[in-house]
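Below is one structure, written out as structure tokens, with a few remarks after it.
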Amino acid sequence: MATQQTRSLARFMMAPSVVLLFVWMIVPLAFTLWFSFQQYNPLNPIRDGFVGFSNYALFYSNPAFLQSILNTLILVGSVLLITVIGGILLALLIDQPMWGQGIVRILVISPFFVMPPVAALVWKNMIMHPQYGVFADIARFFGGQPIDWFGQYPMLAIIIIVAWQWLPFATLILLTSLQSLDGEQKEAAEMDGAGFISRFIYLTLPHMSRAITVVLLIQTIFLLSVYAEILVTTNGGPGYASTNLPFLVYQKALLEFKIGQASAGGILAVILANIVAFFAMRAVGRNLDK
1 MATQQTRSLA RFMMAPSVVL LFVWMIVPLA FTLWFSFQQY NPLNPIRDGF VGFSNYALFY
61 SNPAFLQSIL NTLILVGSVL LITVIGGILL ALLIDQPMWG QGIVRILVIS PFFVMPPVAA
121 LVWKNMIMHP QYGVFADIAR FFGGQPIDWF GQYPMLAIII IVAWQWLPFA TLILLTSLQS
181 LDGEQKEAAE MDGAGFISRF IYLTLPHMSR AITVVLLIQT IFLLSVYAEI LVTTNGGPGY
241 ASTNLPFLVY QKALLEFKIG QASAGGILAV ILANIVAFFA MRAVGRNLDK
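Pasting the structure below:
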């Protein structure tokens, strides 16, 4: 058991890292908050000055604001649903004894190591292209008409791309949890006559609940900042159909050079992320206490 002296020593040794991490986080946040109350345009610095909450009002009154919030929530919710359900199914599949099991597992998790812009370019030009893509060839093979994914269904296309990237992460975490399940419990359930569905519902799924909660928490944090896939594929369009909150902030900052409004949007994004993280952390706490 750790003594008071060892605990104090541990805190002392961790303090520099904690302070550095705190400064690393708080300084950019403080600058963003300061700029959100300024009228700052790098192309016209003469108009600099304090404007109060005007940037927040302008950002909120932007026609794309409410649509971007809705798109952000749709993207996060849809990707979580796909990756958790798909991750459970893939984990169950690759946990079964098979020839070349190690190679199969490497192939399953490999999309997670592809950079988001590269993945988006591959999907845009090689898979979802309305003339030369794989999906277009499949549609023509069966006598159908190719779909312009990024023109007709932009949010669906982005959801598919992002889910493809994050599915390996969910699969890896859930597979690890699945493999920690006691074999004696599974054997006892089989001896009692429980079928695969019953074992999955009453044994496997409850055992994986903590891993599922961790996947939901970690992916939610990262999915709230999805940006590169939208930039490379749809550029937020058509119209605002695929514009989420991070991409709207990018438009204000780097396309319109409205740094104040972009900073206000960044603060709103931080608030939204903290609200989501609060409820996610409560869910994690309830599962970890079980």
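Heads up: the sequence shown runs through residues 1 to 290, numbered per full-length UniProt numbering. We treat Cβ as the ideally placed atom computed from N, Cα and C, and that holds for glycine.
Suppose the cutoff is 8 Å on Cβ atoms and the five residues either side in sequence are ignored; what does the same chain contact list for residue i look like?
i: ILE69; result: LEU245, LEU272
i: GLY266; result: THR32, SER36, VAL249
i: PRO111; result: ALA119, TRP164, GLN165, LEU167, PRO168
i: LEU81; result: none
i: GLY49; result: GLN38, GLN39
i: GLN145; result: ALA139
i: MET1; result: Confidence is the limiting factor: at MET1 the pLDDT is only 47, short of 50, which leaves the residue's position unreliable, though a coordinate-based value still follows. Taken in chain order, the list of residues that qualify is empty.
i: ILE201; result: none
i: LEU29; result: VAL270
i: SER152; result: Correcting the residue type first, residue 152 is Gln in the shown sequence and not Ser. Within the same chain, GLN152 has no close Cβ partners at all.
i: LEU43; result: PHE257
Residues in the same chain with beta-carbon distance under 7 Å from residue i, minus the five sequence neighbours each way, listed in chain order, please.
i: PRO116; result: GLN165, ALA228, GLU229
i: ASN41; result: ARG47, PHE257, LYS258, ILE259
i: ALA253; result: ILE259, ALA262
i: VAL108; result: LEU90, ILE94, PRO168, THR171
i: PRO97; result: none
Any idea which residues DSSP pairs residue i with across the strands?
i: GLN38; result: PHE50
Kindly list the residues whose CB is nearer than 6 Å to the CB of residue i, restricted to its own chain and excluding five residues on each side of it in sequence; keep chain order.
i: TRP149; result: MET128, ALA157
i: GLY86; result: LEU167
i: THR234; result: PHE150, PRO154, SER242
i: SER61; result: none
i: ALA91; result: THR171, LEU174, LEU175, LEU178
i: THR72; result: ASN244, LEU245
i: residue 291; result: Because the chain is modelled from 1 through 290, residue 291 falls outside the range shown and cannot be assessed.
So residue i and residue j are supposed to be a Cβ contact under 8 Å. How far apart are they, rounded?
i: GLN261; j: LEU66; result: Going by Cβ atoms, the distance from GLN261 to LEU66 rounds to 16 Å, so no, they are not a contact pair.
i: PRO154; j: ALA241; result: 5 Å
i: residue 351; j: LEU75; result: Past the boundaries of the shown model lies residue 351; the chain is included only from 1 to 290, so the question cannot be answered.
i: ALA170; j: VAL84; result: 6 Å
i: VAL162; j: VAL226; result: 6 Å
i: THR204; j: LEU224; result: The Cβ separation is near 30 Å, so there is no contact.
What do you reckon, are the CB atoms on residue i and residue j nearer than 8 Å?
i: ILE212; j: LEU174; result: yes
i: LEU181; j: HIS207; result: yes
i: VAL104; j: ILE94; result: yes
i: GLN38; j: VAL51; result: yes
i: GLY236; j: PHE247; result: yes
i: ALA264; j: TYR56; result: yes
i: VAL114; j: MET126; result: no
* Run through the segment 53-79 for me and flag every whole alpha helix (DSSP H) of 4 or more residues, listed as ranges in chain order. => Complete alpha helix (DSSP H) runs here, min 4: 54-61.
* **Contained beta strand (DSSP E) runs [length at least 3] in the segment 100-135, N- to C-terminal order** => none
* Asked: Can you give, in chain order, each stretch of the beta strand (DSSP E) that sits fully within the segment 225-272 and has at least 3 residues?
  -> Taking only runs of at least 3 residues, no beta strand (DSSP E) segment lies wholly in the segment 225-272.
* To do: With a floor of 4 residues, list each alpha helix (DSSP H) that falls wholly inside the segment 153-187, ordered by position along the chain.
  => 154-179
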